[in-house]
Amino acid sequence: MRGNLLHAGRAPPLNVKMADETSGEAKPKVETQSLQLVVKDQHGGEVHFKVKVTTKFEKIMNAYCTKKSLDSKVMRFMYEGERINGEQTPQELEMEDGDQIDANQEQLGGCWR
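Using full-length UniProt numbering, read the sequence shown as starting at 1 and increasing by one per residue.
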């Protein structure tokens, strides 16, 4: 019977369940957390970056080198004494807002007499 299917000319009711605070259901979070990082060079100069926790360090390193007119091939970036890989993210290193990254130029050779 067609009338039964259409509920007398109306569309059938949809069974949509909405999550609310009283039901205890968790709402999915869409926002991506961001944090402020400070890149400090060996001369004390600082550059501040606001980045998402999922941003790869390669992007941050390249932005720093471009801003300072440096060759990224000779720069080394360290966090808590460990060298940072360009494929890593702040989330992987469990970084927090305001953390500092040390930027140093690689030094080759040298002679001491």
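Using N, Cα and C, we set each Cβ at its ideal position, and we do this for glycine too.
Given the structure is predicted, the values throughout are model-derived calculations rather than measurements.
Only counting the same chain, and skipping five residues up and downstream in sequence, which positions put a Cβ closer than 8 Å to that of E46? Listed in chain order, the non-local C-beta contacts of E46 below 8 Å within the same chain comprise V38, V39 and K40, local neighbours out to five positions each way being set aside.
Provide the residue(s) that pair with D99 in DSSP beta bridges, ordered along the chain. None, per the DSSP bridge assignment.
Using a Cβ-Cβ cutoff of less than 7 Å, which residues in the same chain neighbour G86 once the five nearest sequence positions on both sides are dropped? K56, F57, E58 and M61, listed in sequence order.
Just mark M95 as buried or exposed, buried being the case when its beta carbon has 16 or more other beta carbons within 10 Å. Sixteen is the threshold: when 16 or more other Cβ atoms of the shown chains lie within 10 Å of the Cβ of M95, as they do, the residue is buried.
Nearest neighbour of S34, chosen from L70, Q100, Y64 and K50 [CA to CA]: Considering only alpha carbons, the answer is K50.
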